[in-house]
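Colleague: In this note's numbering, the protein residues as written are 79 to 536.
Using N, Cα and C, we set each Cβ at its ideal position, and we do this for glycine too.
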Ligand code: DC
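#1: Would you call the CB atoms of residue 229 and residue 90 closer than 8 Å?
#2: Are residue 253 and residue 85 touching if we call contact CB-CB under 8 Å?
#3: Any idea which residues DSSP pairs residue 153 with across the strands?
#4: Could you tell me whether the region 408–416 touches the region 477–488, using the rule of 3 or more Cβ pairs below 8 Å?
#5: In the DSSP output, which residue or residues are listed as bridge partners for residue 282?
#6: Can you determine whether any heavy atom of the ligand DC sits closer than 7 Å to the C-beta of residue 67, and answer yes or no?
#7: Got a sec: does the ligand DC put a non-hydrogen atom nearer than 7 Å to the Cβ of residue 111?
#8: Distance check for residue 458 and residue 315, CA to CA, integer angstroms please.
#9: Which two residues bound the contiguous beta strand (DSSP E) that contains residue 440?
#10: Report the option in 472, 460, 425 and 426 whose CA atom is closest to the CA atom of residue 440.
#11: Within the present structure, is the beta-carbon of residue 175 separated from the nearest heavy atom of the ligand NAP by less than 7 Å?
#12: DSSP has residue 203 in a bridge; who is on the other side?
#13: Residue 172 and residue 232 - do their beta-carbons sit closer together than 8 Å?
#14: For residue 106, I'd like the list of residues in its chain whose CB is within less than 6 Å of its CB, leaving aside the five on either flank, ordered along the chain.
#15: Would you tell me roughly how many angstroms separate the C-alpha atoms of residue 336 and residue 385, rounded to the nearest one?
#16: Under the criterion of a Cβ to heavy atom distance below 7 Å, does residue 372 qualify as lining the ligand DC?
#17: At which residues does the beta strand (DSSP E) containing residue 356 begin and terminate?
#18: Distance check for residue 214 and residue 207, CA to CA, integer angstroms please.
#19: Would you kindly report the start and end of the unbroken beta strand (DSSP E) that includes residue 393?
#20: My guess is that residue 116 and residue 195 are in contact by the Cβ rule of under 8 Å, so how many angstroms apart are they, rounded?
Right under this line is the structure:
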């Protein structure tokens, strides 16, 4: 994942001009997501599609090929091979873009493209839902606003300069209409993310606005760096007293028996609900004290990972899950979950993980940290390597693959267990950060090759 800055806000707030200047200043790529919606709109207008009819719009989408190219740092939008960049800013396309952007299939169509760019590049990405939906975990979120009148005046001047004959009143009416459409649609409406910094540029000129935003970004990135430093420092201290797992306990027969019953009931339910295909079952751990490092696709992943493994597994789960319903808390604790505070670099989590391995349990870890909605594998954090290094136990890579974001009834799910990676193979003698990274890359590489090969089998 690159460093990503989300710049959201209503039409005409100056996002594109400011984002362009910021990206130049920072050496990032500027991604104007509005132009992607505009390209879809242009396609629909050219094809005289009834844009009020969601179905008709959705049916056209498979015909559309959109890509972007960067020429001298400027984004050019290619629509089915044609550079349409100069055709995207007419009032007609603007209004149509606002309408088609409310069609769920259109948003879905453009989502993976935007996330893919964010994974590959450092970006300043402008839009409406970047901080809330497209990149909810990005590094900095700015919400840019200005009064409707001021925005209309800026757009009016732009259009005049381009030879357009629209009046100020028409532009203002368009802006108000688009504001209403963009913030009242059901899906991904224009909304400030809770953790976004709001910047109102009504009173400021361009230079002042850019300066204000640069200051916010600089401060946020510095805070983030400091936090990361603290985290890695904390990972390295206080860990001396963690010993390798040399003599794990055996889980008692009675416990295994009852766990086995629950496991088989769940297995049968899942067998009915989904079309599950297993691969690499010969790699399943027959005893405890193994780390299972898995990609993270859905909240069902712990079940997918554990239901064929005889010895109970433990899981890290976000601490919010332990705060709600008491029965749920009891259930997930019974099934082996323990809380982790995200982003805190808490060494007690590492200690608890090694303790669970010592207790003879297996440990399921999601190195990506967060769920991947589009199925693409994220970068992975080094925590998995640190735990493997300290515990010195084998790591079994696991890939869980299915199409789309949400699982449906009888959907095909491929669960692939990879060859165990032994502590010797991973050369886990030292626990310094550089070694951890290479160990983590080895584990992620193994998961990635299974995720990739599963794509063609779905
Ligand atoms: O930023 P813009 O005015 O070029 O965007 C054109 C339309 O696309 C706008 O009416 C809202 C929509 N849009 C969106 O819904 N989500 C985005 N991330 C970007 C734009």
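Modeller: Looking at the coordinates:
#1: Residue numbering aside, residue 229 sits at position 151 when the chain shown is read from its first letter. Residue numbering aside, residue 90 sits at position 12 when the chain shown is read from its first letter. Taking 8 Å as the Cβ cut-off, residue 229 and residue 90 qualify as a contacting pair.
#2: Translated into the one-based positions of the chain shown, residue 253 becomes position 175. Translated into the one-based positions of the chain shown, residue 85 becomes position 7. No, Cβ-Cβ distance for residue 253 and residue 85 is not below 8 Å.
#3: As a first step, residue 153 is located in the chain shown; it is residue number 75 there, counting from the start. The partner list for residue 153 (beta bridge, DSSP) reads 148.
#4: As far as the Cβ criterion goes, the region 408–416 does not touch the region 477–488, which means the pair count is below three.
#5: Here the question's residue 282 lines up with position 204 in the chain shown. Its beta-bridge partners do not exist; DSSP assigns none.
#6: Beyond the ends of the chain as shown, which are 79 and 536, falls residue 67; an answer cannot be given.
#7: Within the chain shown, numbered from 1, the residue matching residue 111 stands at position 33. Because some heavy atom of the ligand DC lies under 7 Å away, the Cβ of residue 111 counts as near it: yes.
#8: By one-based count along the chain shown, residue 315 stands at place 237. By one-based count along the chain shown, residue 458 stands at place 380. No answer about residue 315 holds up, because its pLDDT of 47 lies below 50 and its placement is not dependable.
#9: Taking the first residue of the chain shown as position 1, residue 440 is located at position 362. From DSSP, the beta strand (DSSP E) with residue 440 extends over 440–443.
#10: Here residue 440 is taken as the residue at index 362 of the chain shown, counted from 1. Residue 472 is the option with its Cα nearest to residue 440.
#11: Because the ligand NAP does not appear in the structure shown, any question about it cannot be addressed here, the ligands present being the ligand DC.
#12: The residue given as residue 203 occupies position 125 in the chain shown. Answer by DSSP bridge pairing, in chain order: 84 and 109.
#13: In the chain shown, residue 232 corresponds to position 154, counting from 1. In the chain shown, residue 172 corresponds to position 94, counting from 1. No, the Cβ-Cβ distance between residue 232 and residue 172 is not below 8 Å.
#14: On the chain shown, position 28 is the one that residue 106 refers to. Hits under 6 Å: 200, 201 and 202.
#15: Locating residue 336 in the chain shown gives position 258, where the first residue counts as 1. Locating residue 385 in the chain shown gives position 307, where the first residue counts as 1. Spanning the two alpha carbons is a distance of roughly 13 Å.
#16: What you label residue 372 is simply residue 294 of the chain shown in a count that begins at 1. It does not: the Cβ of residue 372 is nowhere closer than 7 Å to a heavy atom of the ligand DC.
#17: Numbered from 1 along the chain shown, position 278 holds the residue referred to as residue 356. Secondary structure note for residue 356: its beta strand (DSSP E) is the uninterrupted segment 353–357.
#18: Your numbering for residue 207 matches position 129 in the chain shown. Your numbering for residue 214 matches position 136 in the chain shown. Between the C-alpha atoms of residue 207 and residue 214 there is a straight-line separation of about 9 Å.
#19: Working through the chain shown from its first residue, we reach residue 393 at position 315. First-last of the beta strand (DSSP E) with residue 393: 391–396.
#20: As a working mapping, residue 116 is identified with position 38 in the chain shown. As a working mapping, residue 195 is identified with position 117 in the chain shown. Contact doesn't hold; Cβ gap of about 17 Å is too wide.
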